[in-house]
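These notes concern the structure reproduced below.
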Amino acid sequence: MTPFSQFAIFSAIKIICVFAVTMFIVAYAVWVERKVSAAIQDRHGPNRVGPFGLLQPAADAVKAFLKEDFTPAHVRKVYYWLAPAIVMIPSLLTIAIIPFGSQLGHQKMVIADLNVGVLYTFGIVSLGVYGIVLAGYAANSKYPFLGGIRSSAQLISYEIAMGMSVIPVFLLVGGLNLSQVISYQTGSIFHWLIFKCPLSFIIFLVAMFAETNRLPFDLPESEQELAGGYNVEYSSIKFALFFMGEYAAVTAASAMLVTLFLGGWTLPIAGLDRPAATLGVGILQILIFLAKMLVVEFMVIWIRWMWPRFRYDQLMDLGWRRFIPLALANIVVTALVLCLVVK
Amino acid sequence: MSVAFFIIALLTLLSAVAAMTLRNLIHCALALAFTFAGLAAAYLQLGAQFVGFVQLLVYVGAVAILIVFAVLLTRGREPATQGIFSPKWPVGAAVALGVFGTLAGLLLSSRVLHHEAAAIAQAPVRQIGEQLMTHYIVPLEVLGVLLTAALIGAVILAMHERESDSPPPSKT
Amino acid sequence: MNVGLGHYLVVSALLFALGLFGVIARRNLLVIYMSLELMLNAANLALVAFSRFTNNLDGQILVFFVITVAAAEVSVGLALIVALYRKRRSAHVEDLTAMKL
Chain W
1 MTPFSQFAIF SAIKIICVFA VTMFIVAYAV WVERKVSAAI QDRHGPNRVG
51 PFGLLQPAAD AVKAFLKEDF TPAHVRKVYY WLAPAIVMIP SLLTIAIIPF
101 GSQLGHQKMV IADLNVGVLY TFGIVSLGVY GIVLAGYAAN SKYPFLGGIR
151 SSAQLISYEI AMGMSVIPVF LLVGGLNLSQ VISYQTGSIF HWLIFKCPLS
201 FIIFLVAMFA ETNRLPFDLP ESEQELAGGY NVEYSSIKFA LFFMGEYAAV
251 TAASAMLVTL FLGGWTLPIA GLDRPAATLG VGILQILIFL AKMLVVEFMV
301 IWIRWMWPRF RYDQLMDLGW RRFIPLALAN IVVTALVLCL VVK
Chain F
1 MSVAFFIIAL LTLLSAVAAM TLRNLIHCAL ALAFTFAGLA AAYLQLGAQF
51 VGFVQLLVYV GAVAILIVFA VLLTRGREPA TQGIFSPKWP VGAAVALGVF
101 GTLAGLLLSS RVLHHEAAAI AQAPVRQIGE QLMTHYIVPL EVLGVLLTAA
151 LIGAVILAMH ERESDSPPPS KT
Chain P
1 MNVGLGHYLV VSALLFALGL FGVIARRNLL VIYMSLELML NAANLALVAF
51 SRFTNNLDGQ ILVFFVITVA AAEVSVGLAL IVALYRKRRS AHVEDLTAMK
101 L
């Protein structure tokens, strides 16, 4: 077998596996969301389909496909069809560069080990705005339009804070490659970047909520004022795609957070922070990564049911007047410390 | 490689034509976003990963979306009664054609075309960073000042608007 | 057929000419702004192509500078256009000939 065809085959296998796992997580994130919200509000939550309602995601999918796909007469058709797809794609693309394990055999457990790693992520993430703006414009009515406008302003504002928050990380690591970031965090739990640049972690975490449109920053789709925002005019599977897009974005953002700040697939015990020598250790490291990611995702879901929504001006104020100056100061301080300590 | 180039070039040029000639401004802005994305793809194909993703991040992710935003804020639709081109558009077409002809003529007669593509360097991001911090440090600092000035300028524009909005309009 | 420097430069020249046409012929300020951006991008493409074919990173660094300047330009330029539109209710260049608001 030529190296190229080998590369192609292994890449295809990795892509299929990662896609399947992501879709599974997305489906069950909805179930977890409903169960958690039920527990918090002292209800039962879904419990009819299968044990503990575990088959609920499948039932929801069937329902979404079988419902009538209604297209209102006043919408702009092409954009109306494009928008749900565009919402889905960026989150799936960002997962491609995240190292989800060290190696199995000689295969690195990452789909694309790019040198410009995080630039790719931010480039792709910034495309996510289009889905929501197009949905708002396509609907051709006022609530979705307002939702779309709000979301584009919100996403662009928090993208800046998010991008600047990770610069100290890369100053410390000395490269943009995510595998490099992970190998920097090995050795001791205090090498994790959450302890080395806590401010970056906090800004990234908050910006992550804003970027994925989750409470407390879900202004684009606030049900009470905008009747659901940009997805008002959508029904059946197109509507479901917006929901899946949101959970896929949460999954991708959690994976990114784990990779950047929580050590990725490593654990600083029992040599689990070194590239795996055996197949068993390799699989264990993938499971460690998944476990960390799911903990972060659970926290995101939990917060949704604990916090009230911010007002729009508060959101913008927080982004532009608190986080961006903070992130800038963080960069300067980190650079100064590095300069003084390294010299 | 060549098939990919022709597809990218064709899509980029077609969307650029669409951006220059469509009536609905939203369509123009989205076509322009597509052109920017096509150029990012061309940069990646040329082995310029850093510039390619910066293009994606800044042009497609920020500039184009801000243009869309501005179009939505100004209710972007040209009135159907008026033409979208100014009355003297043939002059524009002639000038553009002339410029293209000059450029193409110069190109065909120049010797730069004989350069062969060099092997792609392994880690150009590091090299670009080093160049920026050593050889290009003065332009980099100037850019920093420019960005700060732009930031302050935008804030002042926004603040003026708020001030002029705040007194309630007198009823006549 | 081998794609060489010339192909990229022709695409770049075409994009530049299209942008120039847009700047001169269109009436809407926003479209003129878009055309300007297109011209900048055409120049960028030529620079990246030169950088690749002469094995010299200076072109890419220049493109980085151009992109940064464009980012600064968009923040002020669009703010001005939107502010102007709010005052005048028009974004056509022939309605914007007076030198004061």
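Residue numbers (our numbering), protein chains in the order written: chain W, 1 to 343; chain F, 1 to 172; chain P, 1 to 101.
Every residue gets a Cβ at the ideal spot worked out from N, C-alpha and C, and that includes glycine.
All values derive from a computational prediction rather than experimental measurement.
Closest residue to residue i among the options (Cα-Cα distance)
i, options, result
"Met299 (chain W)", "W:Val337, W:Arg311, W:Pro216", "W:Pro216"
"Trp265 (chain W)", "W:Ala139, W:Ala85, W:Lys63, W:Leu294", "W:Leu294"
"Pro124 (chain F)", "F:Cys28, F:Phe50, F:Met20", "F:Phe50"
"Pro268 (chain W)", "W:Phe100, W:Ser37, W:Gln285", "W:Gln285"
"Ile301 (chain W)", "W:Ala29, W:Gln154, W:Leu66, W:Phe10", "W:Ala29"
"Ile89 (chain W)", "W:Ala252, W:Glu68, W:Val116, W:Met162", "W:Ala252"
"Val337 (chain W)", "W:Met162, W:Pro168, W:Ile97, W:Tyr247", "W:Pro168"
"Pro139 (chain F)", "P:Thr68, P:Phe53, P:Val31, P:Asn44", "P:Thr68"
"Gln107 (chain W)", "W:Val173, W:Gln6, W:Arg34", "W:Gln6"
"Gln45 (chain F)", "P:Arg27, P:Leu14, P:Arg86, P:Arg52", "P:Arg52"
"Leu14 (chain P)", "F:Gly105, F:Ala154, F:Ser109", "F:Gly105"
"Ile24 (chain P)", "F:Leu39, F:Leu107, F:Ala62, F:Ala93", "F:Ala93"
"Ile189 (chain W)", "W:Gly245, W:Gly128, W:Leu272, W:Asp218", "W:Leu272"
"Ile95 (chain W)", "W:Lys238, W:Met23, W:Trp192", "W:Met23"
"Met244 (chain W)", "W:Ile203, W:Ala12, W:Glu33", "W:Glu33"
"Asp218 (chain W)", "W:Arg311, W:Leu279, W:Val296", "W:Arg311"
Partner residues on chain W for residue i, Cβ-Cβ distance less than 9 Å
i, result
"Phe34 (chain F)", "Those do not exist, as Phe34 (chain F) stays about 10 Å from chain W at its closest Cβ, beyond 9 Å."
Amino acids of chain W, ordered along the chain, whose beta-carbon sits closer than 8 Å to that of residue i
i, result
"Phe50 (chain F)", "Val116, Leu119"
Within chain F, partners of residue i - CB distance below 7 Å
i, result
"Gly123 (chain W)", "Phe53, Leu56, Leu57, Gly61"
"Leu45 (chain P)", "Leu39, Ala42"
"Ile111 (chain W)", "Chain F residues near Ile111 (chain W): none, gap ~16 Å exceeds 7 Å."
Closer than 7 Å at the beta carbon, the chain P residues around residue i
i, result
"Val17 (chain F)", "Leu18"
"Gly92 (chain F)", "Phe21, Ile24, Ala25"
Residue i vs residue j beta-carbon contact at 7 Å
i, j, result
"Leu40 (chain P)", "Val10 (chain P)", "no"
"Ser151 (chain W)", "Ile132 (chain W)", "yes"
"Phe261 (chain W)", "Phe100 (chain W)", "no"
"Ala41 (chain F)", "Ile65 (chain F)", "no"
"Leu18 (chain P)", "Met20 (chain F)", "yes"
"Ala327 (chain W)", "Ala153 (chain W)", "no"
"Phe36 (chain F)", "Val60 (chain F)", "yes"
"Ser2 (chain F)", "Val48 (chain P)", "no"
"Ala72 (chain P)", "Leu157 (chain F)", "no"
"Asn177 (chain W)", "Asn115 (chain W)", "yes"
"Ala249 (chain W)", "Ser91 (chain W)", "yes"
"Ala27 (chain W)", "Tyr80 (chain W)", "no"
"Ser102 (chain W)", "Ala240 (chain W)", "no"
"Ile128 (chain F)", "Leu57 (chain P)", "yes"
"Ile97 (chain W)", "Ile15 (chain W)", "no"
"Leu104 (chain W)", "Gly282 (chain W)", "yes"
"Val76 (chain P)", "Val63 (chain F)", "no"
"Ser12 (chain P)", "Ala42 (chain P)", "yes"
"Gln99 (chain F)", "Leu20 (chain P)", "Checking the sequence, you will find Val at residue 99 (chain F) rather than Gln. Contact: yes."
Residues that residue i contacts on chain F, provided the C-beta gap is smaller than 8 Å
i, result
"Ser126 (chain W)", "Leu56, Leu57, Val60, Gly61, Ala62, Ile65"
"Ser152 (chain W)", "Ile65, Val68, Phe69"
"Arg88 (chain P)", "None at all; the shortest Cβ gap to chain F is about 11 Å."
"Val129 (chain W)", "Gly61, Ile65"
Contacts that residue i makes with chain F (C-beta to C-beta distance below 9 Å)
i, result
"Leu105 (chain P)", "Within the shown structure, residues of chain P are numbered from 1 to 101, placing residue 105 (chain P) beyond reach of any answer."
"Leu96 (chain P)", "Neighbours of Leu96 (chain P) on chain F: none; closest Cβ ~13 Å, over 9 Å."
"Leu15 (chain P)", "Thr12, Leu13, Ala16, Thr35, Leu39"
"Leu36 (chain P)", "By Cβ distance, chain F contributes nothing, its closest Cβ being about 11 Å from Leu36 (chain P), past 9 Å."
"Ile149 (chain W)", "Phe69, Leu72, Leu73"
"Ile95 (chain W)", "Within chain F, no residue comes near Ile95 (chain W); the closest Cβ sits about 17 Å away, beyond 9 Å."
"Val133 (chain W)", "Ile65, Val68, Phe69, Leu72"
Contact list for residue i against chain W, beta-carbon separation under 7 Å
i, result
"Val125 (chain F)", "Asn115, Val116, Leu176"
Contact list for residue i against chain P, beta-carbon separation under 8 Å
i, result
"Val95 (chain F)", "Leu20, Phe21, Ile24"
"Ala41 (chain F)", "Chain P residues near Ala41 (chain F): none, gap ~11 Å exceeds 8 Å."
Chain B contact for residue i (CB, 7 Å cutoff)
i, result
"Leu22 (chain F)", "The displayed structure is made up of protein chains W, F and P, and chain B is not among them."
Legend entry - Residues from the stretch 58 to 71 of chain F in contact with chain W, defined by Cβ distance under 9 Å: Legend: CB atoms of the stretch 58 to 71 of chain F lying less than 9 Å from CB atoms of chain W belong to residues Val58, Val60, Gly61, Ala62, Ala64, Ile65, Leu66, Val68, Phe69.
Inset, instruction - Specify whether the stretch 199 to 210 of chain W and the stretch 254 to 267 of chain W touch according to this definition: at least 3 beta carbon pairs, one from each stretch, less than 8 Å apart. - result: Output reads yes: the stretch 254 to 267 of chain W touches the stretch 199 to 210 of chain W.
Legend entry - Contact the stretch 193 to 205 of chain W vs the stretch 229 to 249 of chain W: 3+ CB pairs below 8 Å: Segments in contact, no.
Legend entry - Touching by the beta-carbon criterion (3+ pairs, under 8 Å), the stretch 40 to 49 of chain W and the stretch 309 to 317 of chain W: They do not touch, by the three-pair rule.
Legend entry - the stretch 181 to 191 of chain W touching the stretch 119 to 136 of chain W, judged by at least three CB pairs closer than 8 Å: Contact between the stretch 181 to 191 of chain W and the stretch 119 to 136 of chain W is absent, with fewer than three C-beta pairs closer than 8 Å.
Inset, instruction - Anything in the stretch 135 to 146 of chain W with a Cβ closer than 7 Å to a Cβ of chain F? List those residues in chain order, please. - result: Cβ contacts with chain F: Tyr137.
Legend entry - Residues within the stretch 124 to 143 of chain F neighbouring chain P, beta-carbon criterion of under 7 Å: Answer in chain order: Pro124, Gln127, Ile128, Gln131, Leu132, Tyr136, Pro139, Leu143.
Inset, instruction - Determine which residues of the stretch 73 to 100 of chain W have a Cβ less than 7 Å from any Cβ of chain F, and write them out in chain order. - result: Correct list: empty, as no residue qualifies.
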